[in-house]
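Mapping to our numbering: the sequence shown position 17 is 45, numbers consecutive. Backbone N, C-alpha and C define an ideal beta-carbon position, used for all residues, glycine too. Computed from a predicted model, the values in this text were never measured in an experiment.
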Amino acid sequence: MITALVYLLVFLAGALIAELLRMGQERFRLWQVARLTVQQGGSPDLIARFWASRPQNWCNKPGCPRCWGRRWS
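What follows is the structure, encoded as structure tokens:
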């Protein structure tokens, strides 16, 4: 019984950490779009489209083959 509770607590802690990381990533992406809007002086919609069109912004994993292309082969 105690083992099951420990497993449940570890699972819930992992889910909480994953959710906090996701929220932090979203906040960082919104900050990037806001900064680009101020620098470029354009509409937020246009800046958001420009930001989303760059593959580097698709995920936060450096060197991700899906986002950055297969550089090692």
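Asked: 6 Å Cβ shell around A76 - same chain, five flanking residues per side excluded; Found: V61
Asked: Through-space distance from N85 to W79, alpha-carbon basis; Found: 7 Å
Asked: Which of helix, strand or coil DSSP assigns to M51; Found: helix
Asked: Q53 versus C87: straight-line alpha-carbon distance, rounded; Found: 9 Å
Asked: Under the three-state DSSP convention, the category R77 falls into; Found: helix
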